[in-house]
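Undergrad:
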Amino acid sequence: MDLTLDETQTLVQRTARDYATRVIMPEAAAIDREERFPKAILKGLAELGLMAVNVPSELGGAGAGPVSYALAMQEVAKACASTAVTMAVTNMVGEVIAAFGTDEQKQKYNPKLASGEYAAGAFALSEPGAGSDPGGMSTTATRDGDAWVLDGQKQWITSGAYAGVMVVWARTGDRDKLPGTRGISCFLVEGGTPGLVVGKAEDKMGIRGSNTVSLTFDGCRVPASALLGELNSGFRIAMMALDGGRIGISSQAIGIARAALEESVQYSRDRKQFDRPISDFQATQWKLADMVTELDAAHLLAMRAAWLKGQGRVFSREASMAKVFATECANRICNKAVQIHGGYGYIREFAAERHLRDVRVTMIYEGTSEVQRIVIARSALS
Ligand SMILES: Cc1cc2nc3c(=O)[nH]c(=O)nc-3n(C[C@H](O)[C@H](O)[C@H](O)COP(=O)(O)OP(=O)(O)OC[C@H]3O[C@@H](n4cnc5c(N)ncnc54)[C@H](O)[C@@H]3O)c2cc1C
688 MDLTLDETQT LVQRTARDYA TRVIMPEAAA IDREERFPKA ILKGLAELGL
738 MAVNVPSELG GAGAGPVSYA LAMQEVAKAC ASTAVTMAVT NMVGEVIAAF
788 GTDEQKQKYN PKLASGEYAA GAFALSEPGA GSDPGGMSTT ATRDGDAWVL
838 DGQKQWITSG AYAGVMVVWA RTGDRDKLPG TRGISCFLVE GGTPGLVVGK
888 AEDKMGIRGS NTVSLTFDGC RVPASALLGE LNSGFRIAMM ALDGGRIGIS
938 SQAIGIARAA LEESVQYSRD RKQFDRPISD FQATQWKLAD MVTELDAAHL
988 LAMRAAWLKG QGRVFSREAS MAKVFATECA NRICNKAVQI HGGYGYIREF
1038 AAERHLRDVR VTMIYEGTSE VQRIVIARSA LS
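Here the sequence shown stands for residues 688 to 1069, where the numbers follow this note's numbering.
1) According to DSSP, residue 839 sits in a beta bridge with which residue or residues?
2) Assign residue 856 to one of two classes, buried (16 or more other C-beta atoms within 10 Å of its C-beta) or exposed (fewer than that).
3) If you run the structure through DSSP and keep just helix, strand and coil, what is residue 998?
4) Give the secondary structure of residue 922 by DSSP, where H, G and I count as helix, E and B as strand, and everything else as coil.
5) For residue 802, report the span of its alpha helix (DSSP H) as first-last.
6) Keeping to the same chain, check which residues put their C-beta closer than 8 Å to that of residue 743; ignore five residues upstream and five downstream.
7) Could you tell me if the beta carbon of residue 939 falls within a distance shorter than 8 Å of some heavy atom in ligand 1?
8) Should residue 973 be labelled buried (16 or more other beta-carbon atoms within 10 Å of its own) or exposed?
9) Comparing the CB of residue 811 with every heavy atom of ligand 1, is any distance shorter than 8 Å?
10) Would you say the beta carbon of residue 772 is closer than 8 Å to some non-hydrogen atom of ligand 1?
11) Using three-state DSSP, classify residue 1063 as helix, strand or coil.
12) For residue 953, which residues does DSSP report across the bridge?
13) Is residue 726 helix, strand or coil when you go by DSSP?
14) Pull up the distance between the alpha-carbon of residue 808 and that of residue 1069, whole angstroms please.
15) Kindly confirm or deny that the region 752-769 and the region 996-1009 touch, where touching means at least three C-beta pairs closer than 8 Å.
16) For ligand 1, I want to know if residue 973 counts as a neighbour, meaning its beta carbon is within less than 8 Å of at least one of the ligand's heavy atoms.
17) Assuming residue 810 is part of the beta strand (DSSP E), what are its boundary residues?
18) Give a yes or no on whether the C-beta atoms belonging to residue 823 and residue 733 are separated by under 9 Å.
19) With a threshold of 6 Å on Cβ separation, who are the neighbours of residue 850 within its own chain once the five nearest residues in sequence on each side are excluded?
20) Is residue 840 near ligand 1, with its Cβ less than 8 Å from a heavy atom?
21) Over what stretch of residues does the alpha helix (DSSP H) that includes residue 781 continue unbroken?
22) Mind checking who residue 960 pairs with in its DSSP beta bridge?
23) Going by DSSP, which residues form a beta bridge with residue 873?
24) What did DSSP end up calling residue 822 once you bin it into helix, strand or coil?
25) Just the Cα atoms here: how many angstroms apart are residue 1028 and residue 949?
26) Please state whether the Cβ-Cβ distance between residue 1022 and residue 1049 is less than 9 Å.
27) Tell whether a beta-carbon distance below 9 Å holds between residue 853 and residue 780.
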């Protein structure tokens, strides 16, 4: 793996860094405080190609590859974790449609996701009773003439209230004949489709500017052409999408942690106790040394997974390794950042408090740390 960034990757990183620093970062505290879905900022990201970084250019994307995507995600997350998760899910939805869609589906949805005509895309897999085990889902899709009728409930759906299109998984096979993950299919459902009811936004610990809702499907009719991929083979699509998504969440965690680290370095230089900057104390230096080292290791793991994906190679285990390590070390880093800030780390005046709240969820969504360890252990024991 060559760690030197190519021209495209450098350009995407610079573009994302510039927009994140100039436009997103100054808004981040207010987005969190006001629980504001950052519509205008997302539109700006789309105009820069950052809502479809790894989607082919003929479908409106940047066609810049997974490494570029991971780098862009780090930059945006460093500025605002809420904006970053919305960007992550929209990129993932665009990639899924580009990979598995018919020409008609791709032409219909990819340009709208990429251009920002749709504020976001949504990925509706989890249910109230099926999180770590999505194969246990109970939402159904029943064929009725030239339509599919969806019934059931999805839970925790990022951007569910704003998405122009959602990728939705439902059981299409007879549970007895096709148990577990075998009878599951994937559908494209447009926001506002009759029979789709959006629940109230969850009141979350962090990423409060992102929208997280339940979705109820109550006799929700979609045309036969809404089926994405093959009938009863939808679970494979979900797993492939999540492999890529885990690179995105690793990068989100790395971005948040990088912000926490840089702010800690600055604060430790500025803050004086016992007539000396607290950066003079070895206790502070050792914290910073661990933060820098762990963050670098996380970055390398995420880059390797992204690089493998870009080469068209198998990257499932590497994506899980990156996710479990990056998200757990990012949590440690954000926790240390609060400690370095002392009492000021515990109040909203400094961003360290927001970073700690925002980073917590990265160990939960797109597969918990426990689920990542299951994937890694399965591969180690195979
Ligand atoms: C803010 C937010 C946004 C989200 N966005 C989306 C989204 O856009 N789309 C979507 O589909 N989902 C989304 N999710 C759902 C997320 O992916 C799930 O919350 C996650 O997969 C865990 O599922 P659960 O919450 O049902 O927990 P559970 O599966 O009930 O897990 C509870 C605990 O048990 C552990 N556990 C479960 N099974 C095992 C096992 N076999 N071995 C060891 N430990 C185990 C888990 O690791 C966890 O610690 C989001 C969640 C949040 C909080």
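Positions of the beta carbon are idealized from the N, C-alpha and C atoms, including for glycine.
If you're wondering where the values come from, they're calculated on a predicted model, not measured in any experiment.
TA: In this structure, then:
1) As a first step, residue 839 must be located in the sequence shown, where it is residue number 152. According to DSSP, which records beta bridges pairwise, residue 839 is partnered with 904.
2) The residue you call residue 856 lines up with position 169 of the sequence shown. Taking all protein chains in view, the Cβ of residue 856 is crowded by 16 or more other Cβ atoms within 10 Å, so the residue is classified as buried.
3) As a working note, residue 998 is residue 311 in the sequence shown. The answer is coil: DSSP assigns residue 998 none of H, G, I, E or B.
4) Taking the sequence shown and counting its residues from 1, the one referred to as residue 922 is at position 235. Helix.
5) In the sequence shown, residue 802 corresponds to position 115, counting from 1. 790-802 is the span of the alpha helix (DSSP H), which, as asked, contains residue 802.
6) The count along the sequence shown starts at 1 and reaches residue 743 at position 56. Sequence-distant partners of residue 743 (beyond 5 residues in either direction) whose C-beta falls short of 8 Å from its own C-beta, in its chain, are 750 and 785.
7) To locate residue 939, count along the sequence shown from 1; it is residue 252. Residue side-chain check: residue 939 keeps its Cβ at 8 Å or more from all non-hydrogen atoms of ligand 1.
8) Looking up residue 973 in the sequence shown gives position 286. Exposed, because fewer than 16 other Cβ atoms sit within 10 Å of the Cβ of residue 973.
9) Position 124 of the sequence shown, counted from the start, is the residue given in the question as residue 811. Flag set: Cβ of residue 811 near ligand 1.
10) Translated into positions along the sequence shown, residue 772 becomes position 85. Under cutoff, so the answer is yes.
11) Position 376 of the sequence shown, counted from the first residue, corresponds to residue 1063. If DSSP states are grouped into helix, strand and coil, residue 1063 belongs with the helices.
12) Numbered from its first residue, the sequence shown carries residue 953 at position 266. Residue 953 pairs with nothing; no bridge assigned.
13) Locating residue 726 in the sequence shown gives position 39, where the first residue counts as 1. If DSSP states are grouped into helix, strand and coil, residue 726 belongs with the helices.
14) Your numbering for residue 808 matches position 121 in the sequence shown. Your numbering for residue 1069 matches position 382 in the sequence shown. The C-alpha of residue 808 lies about 36 Å from the C-alpha of residue 1069.
15) In short, these stretches touch, since the Cβ pair count reaches three.
16) Your numbering for residue 973 matches position 286 in the sequence shown. False, no ligand heavy atom lies under 8 Å from that Cβ.
17) Looking up residue 810 in the sequence shown gives position 123. Run containing residue 810: 807-811, per the beta strand (DSSP E) assignment.
18) As a first step, residue 823 must be located in the sequence shown, where it is residue number 136. As a first step, residue 733 must be located in the sequence shown, where it is residue number 46. Contact check for residue 823 against residue 733 fails: the beta carbons are separated by 9 Å or more.
19) Here residue 850 corresponds to residue number 163 of the sequence shown, with the count starting at 1. Excluding sequence positions up to five before and after residue 850, its CB lies within less than 6 Å of the CB of 807, 808, 809 and 878, all in the same chain and listed in chain order.
20) Residue 840 sits at position 153 when you count from the first residue of the sequence shown. Residue 840: no, Cβ never under 8 Å from ligand 1.
21) Here residue 781 is taken as the residue at index 94 of the sequence shown, counted from 1. Counting along the chain, the alpha helix (DSSP H) containing residue 781 begins and ends at 768-787.
22) Position 273 of the sequence shown, counting from 1, holds the residue named residue 960. Answer is 963, bridged to residue 960.
23) By 1-based counting over the sequence shown, the position of residue 873 is 186. According to DSSP, which records beta bridges pairwise, residue 873 is partnered with 856 and 915.
24) Working through the sequence shown from its first residue, we reach residue 822 at position 135. Reduced to three states, the DSSP call for residue 822 is helix.
25) The sequence position of residue 1028 within the sequence shown is 341, counting from 1. The sequence position of residue 949 within the sequence shown is 262, counting from 1. Put simply, the backbone Cα of residue 1028 is about 12 Å away from that of residue 949.
26) Counting from one through the sequence shown, the residue named residue 1022 turns up at place 335. Counting from one through the sequence shown, the residue named residue 1049 turns up at place 362. Contact: no.
27) As a first step, residue 853 is located in the sequence shown; it is residue number 166 there, counting from the start. As a first step, residue 780 is located in the sequence shown; it is residue number 93 there, counting from the start. The answer is yes: Cβ separation under 9 Å.
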